[in-house]
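Peer 1:
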Amino acid sequence: MSTPRLSVSTWSLHRQLGKPGFTGPAHGMQIPTETHNKGPISLLELPARVAEFGINTLEICHFHLPSVEKSYLSELRAALADADVELFSLLIDDGDITHPSEASRDIAWIEKWIDIAGELGAKCARVIGGKADPSAETIAQSRDVLTQLTERADTAGIRLMSENWFAIFSTPENVKTILDGLDGKVGLCLDFGNWRGGTKYEDLAAIAPLAESCHTKAHFAAPREMDKADYVQCLELTQKAGFAGPHTLIYDGPGDDEWEGLALEREVVNPYLN
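The letter at position 270 of the sequence shown is residue 269 when you use numbering that gives the first Met the number 0, and the numbering goes up by one with no holes.
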């Protein structure tokens, strides 16, 4: 059974990693290697550093991998094991499974990253549920493609996840319609920061019971200036829903000290881990 625990995403340490360049389906599997290994730490060094910080669960953004060669993937998997850090999810941060003309290209690209998640020993891979304007047709398309992707994930030995992110998954009604239609085959990552507006807390509360992981993001107006009231309200609704997965700290606020931002978030989240 899953338990509440702290986790961190490599997105929260993007600056520490030297701000590697973003890649998507239009690039194929080409990686801008010249943008990697430019920061204080490398991805191979990150598991040990995260463990030193007191966190033993990690999520990795796909574009933070400087190589997809099998030898590198083996090195990274070994670094995770040596640091006793669980790779919960590979975050596949691009691809549109509902694109009107490029869906096939994007699906093939996503499938390759699902395979990589399996090679890394990840428990999950998170994919985008679709960027097209929501309609009966595109919602059905999202559900059908996610069904297809679960087959690839099963072969890779991982669980497929999606997130309340981008157009198709932009309302609780759409999220529940699609996930209910998938009969539990796809899990939900709940992100505090993706939805806004006057119904934000009501909307997040509506899908929180479905969440298997949480991108536990606080808003910072300036360095060390967290919107704690918003953060606590989001944490309260996940606790009320009985959330029992990884709280993945997301920090992309102002200021270059990402570790400081993560420490501030951790202090607020810790009481919700019991």
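Note that CB positions come from ideal geometry on N, CA and C, so glycine has one too.
With respect to the beta strand (DSSP E) encompassing Pro245, which residues constitute its N-terminal and C-terminal limits?
Peer 2: Locating residue 245 in the sequence shown gives position 246, counting from the first residue. Unbroken beta strand (DSSP E) run through Pro245: 245-249.
Peer 1: What's the call for Ser100, buried or exposed, on a 16-neighbour Cβ count within 10 Å?
Peer 2: Stepping through the sequence shown from its first residue, residue 100 is reached at position 101. Classification for Ser100: exposed.
Peer 1: Does DSSP put Ile59 in a helix, in a strand, or in coil?
Peer 2: Counting from 1 along the sequence shown, the entry for residue 59 is found at position 60. Strand at Ile59.
Peer 1: Does any CB atom of chain C fall closer than 8 Å to the CB of Val185?
Peer 2: Of the protein chains in this structure there is only one, and it is not chain C.
Peer 1: Find out if the Cβ-Cβ distance for the pair Arg265, Leu248 is shorter than 8 Å.
Peer 2: Here residue 265 corresponds to residue number 266 of the sequence shown, with the count starting at 1. Here residue 248 corresponds to residue number 249 of the sequence shown, with the count starting at 1. The answer is yes: Cβ separation under 8 Å.
Peer 1: For a test of the three-state rule: what should DSSP assign to Ser134, helix, strand or coil?
Peer 2: Here residue 134 refers to the residue found at position 135 of the sequence shown. Looking at Ser134 - three-state DSSP - the assignment turns out to be coil, as it is neither helix nor strand.
Peer 1: Distance check for Lys69 and Leu274, CA to CA, integer angstroms please.
Peer 2: The requested residue 274 does not occur in the structure, where the chain is confined to residues 0 to 273.
Peer 1: Do you know how far the Cα of Ala135 is from the Cα of Asp105?
Peer 2: For the purposes of this step, residue 105 is identified with residue 106 of the sequence shown, where counting begins at 1. For the purposes of this step, residue 135 is identified with residue 136 of the sequence shown, where counting begins at 1. Between Asp105 and Ala135, the C-alpha separation is close to 21 Å.
Peer 1: What does the alpha-carbon distance come out to for the pair Ala262 and Ala47?
Peer 2: Within the sequence shown, residue 262 is the residue found at index 263, counting from 1. Within the sequence shown, residue 47 is the residue found at index 48, counting from 1. About 17 Å.
Peer 1: Can you tell me the Cα-Cα spacing of Pro39 and Pro65, whole angstroms?
Peer 2: Looking up residue 39 in the sequence shown gives position 40. Looking up residue 65 in the sequence shown gives position 66. Each residue's alpha carbon lies about 15 Å from the other.
Peer 1: Considering only DSSP beta bridges, list what Val185 is partnered with.
Peer 2: For this step, residue 185 is matched to residue 186 along the sequence shown. Paired residue(s): Leu159.
Peer 1: Exposed or buried, which one is Asn163 when buried takes at least 16 other CB atoms within 10 Å?
Peer 2: Start at 1 with the first residue of the sequence shown, and residue 163 comes out as number 164. It counts as buried.
Peer 1: For Phe242 and Ala204, which I take to be in contact (beta-carbon distance under 8 Å), what is that distance rounded to the nearest angstrom?
Peer 2: In the sequence shown, counting from the first residue as 1, residue 242 sits at position 243. In the sequence shown, counting from the first residue as 1, residue 204 sits at position 205. With 8 Å as the limit, Phe242 and Ala204 do not qualify as a contact, their Cβ atoms being about 11 Å apart.
Peer 1: Run through DSSP, which three-state label would Arg125 get?
Peer 2: Indexing the sequence shown from 1 puts residue 125 at position 126. In the structure shown, Arg125 sits in a strand (DSSP, three-state: E or B).
Peer 1: From the DSSP secondary-structure annotation, give me the bridge partner or partners of Thr32.
Peer 2: Here the question's residue 32 lines up with position 33 in the sequence shown. Paired residue(s): none; Thr32 is not in a bridge.
Peer 1: Which class does Lys18 belong to by DSSP, given the choice of helix, strand or coil?
Peer 2: Taking the sequence shown and counting its residues from 1, the one referred to as residue 18 is at position 19. Residue state, collapsed to three classes: coil.
Peer 1: Val174 lies in the alpha helix (DSSP H); which residues open and close that run?
Peer 2: Here residue 174 is taken as the residue at index 175 of the sequence shown, counted from 1. Counting along the chain, the alpha helix (DSSP H) containing Val174 begins and ends at 171-180.
Peer 1: If I follow the unbroken beta strand (DSSP E) through Ser8, where does it start and stop?
Peer 2: Stepping through the sequence shown from its first residue, residue 8 is reached at position 9. Counting along the chain, the beta strand (DSSP E) containing Ser8 begins and ends at 4-8.
Peer 1: Of the residues Glu235, Leu181, Lys216, which one's Cα is nearest the Cα of Glu201?
Peer 2: Here residue 201 corresponds to residue number 202 of the sequence shown, with the count starting at 1. Per the Cα distances, Glu235.
Peer 1: Do the CB positions of Asp95 and Lys122 come within less than 8 Å of each other?
Peer 2: Translated into positions along the sequence shown, residue 95 becomes position 96. Translated into positions along the sequence shown, residue 122 becomes position 123. Going by C-beta atoms, Asp95 is not nearer than 8 Å to Lys122.
Peer 1: Between which two residues does the alpha helix (DSSP H) carrying Ser103 extend?
Peer 2: Walking along the sequence shown from the start, residue 103 turns up at place 104. Segment 102-119, the alpha helix (DSSP H) holding Ser103.
Peer 1: By a C-beta neighbour count over all protein chains shown, 10 Å radius and 16 as the cutoff for buried, is Met28 buried or exposed?
Peer 2: The residue labelled residue 28 in the question sits at position 29 within the sequence shown. With fewer than 16 Cβ atoms within 10 Å of its Cβ, Met28 is classed as exposed.
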